[in-house]
Amino acid sequence: MTPTGAAILTSLCESFGPMPSLKIDRIGYGAGSRDPEGFPNALRLVVAEIEEVREHSAERVVVIETNIDDMNPQVCGFVMERAFALGALDVFFTPVQMKKDRPGVLLTLLCEQQKFDVLCQLLLSETTTLGVRYYEAARRVLERTLEAVQTVYGVVRIKVAREGDRTLHFQPEFEDCARIAATAGVSLIDIQDLARAAYQELILKRERR
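Following numbering that gives the first Met the number 0, the numbering of the sequence shown begins with 0 at its first residue and continues without gaps.
1. Would you give the residue range spanned by the beta strand (DSSP E) that residue 182 belongs to?
2. Over what stretch of residues does the beta strand (DSSP E) that includes residue 142 continue unbroken?
3. Starting from residue 206, follow the alpha helix (DSSP H) in both directions and report where the run begins and ends.
4. Rounded to the nearest angstrom, what separates residue 184 and residue 174 at their Cα positions?
5. Can you tell which of 160, 140 and 108 has its C-alpha closest to the C-alpha of residue 80?
6. Determine the closest residue to residue 160 out of 68, 113, 198 and 18, with distance taken between C-alpha atoms.
7. Would DSSP call residue 86 helix, strand or coil?
8. Between the Cα of residue 90 and the Cα atoms of 105, 101, 96 and 97, which residue gives the shortest distance?
9. Reducing DSSP to helix, strand and coil, say where residue 119 ends up.
10. Run through DSSP, which three-state label would residue 110 get?
11. What is the residue span of the beta strand (DSSP E) that residue 217 lies within?
12. Residues in its own chain within less than 7 Å of residue 60 by CB, not counting five upstream and five downstream?
13. Could you give the distance in angstroms between the alpha-carbon of residue 157 and the alpha-carbon of residue 129?
14. For residue 63, which option in 86, 132 and 46 has the closest C-alpha, if you only look at C-alpha atoms?
15. From what residue to what residue does the beta strand (DSSP E) around residue 25 run?
16. Do three or more CB pairs link the region 90-103 to the region 64-71 at distances below 8 Å?
17. By DSSP, does residue 3 sit in helix, in strand, or in coil?
18. In the DSSP assignment, the beta strand (DSSP E) including residue 48 goes from what residue to what residue?
19. Assign residue 148 to one of two classes, buried (16 or more other C-beta atoms within 10 Å of its C-beta) or exposed (fewer than that).
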């Protein structure tokens, strides 16, 4: 950025931060006459309109990661349970091949900003890692609700994902289906199919109103 461009921006702008979602109209570039060492003497200007983003569908989360190759695998389950209990949004392990050809795991944890310190401390104290890396990421999520449907074998809860007024997909709660299948002596797949059919019928009834 040119010194003149920097001066103009600091005088005209009220705040600075990551570029939001934009509908770009034009992009312009300008270069200064000087050639300073270490950075380009150039300025880019973007003329655009900020696109509206629904608050409920976009949010910021922190991703915490660490690679581990010297920890008892039994500890992984303990750390996952503790992380969820402390407010982690998601925790998962990915097999990786590390230095000296050692098999290891990449432990990845997603959390809200206010949970970062306590979850970071969890990884540092309850695993063998010597450090963690972290960064902020954008996350778009669907609205999620639980509804119940009646089948001939009992009530099954349905996990429903929506965007606005649209139902995008739904899934019977596995624990409900497994419990009913074991109690009634019926195939788990049959219970799941019955629950899906019952919820599909519920959607059709709502559409007819």
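Note that CB positions come from ideal geometry on N, CA and C, so glycine has one too.
For clarity, every value in this text was computed on a predicted model and none was experimentally measured.
Concretely, from the data shown:
1. Residue 182 -> not in any beta strand (DSSP E); alpha helix (DSSP H) instead, spanning 173-183.
2. 142-150
3. 187-207
4. 15 Å
5. 108
6. 198
7. coil
8. 105
9. helix
10. strand
11. The first residue shown for the chain is 0 and the last is 208, placing residue 217 beyond what the model contains.
12. 88, 109, 110, 111, 136 and 138
13. 42 Å
14. 132
15. 21-30
16. yes
17. helix
18. 41-49
19. buried
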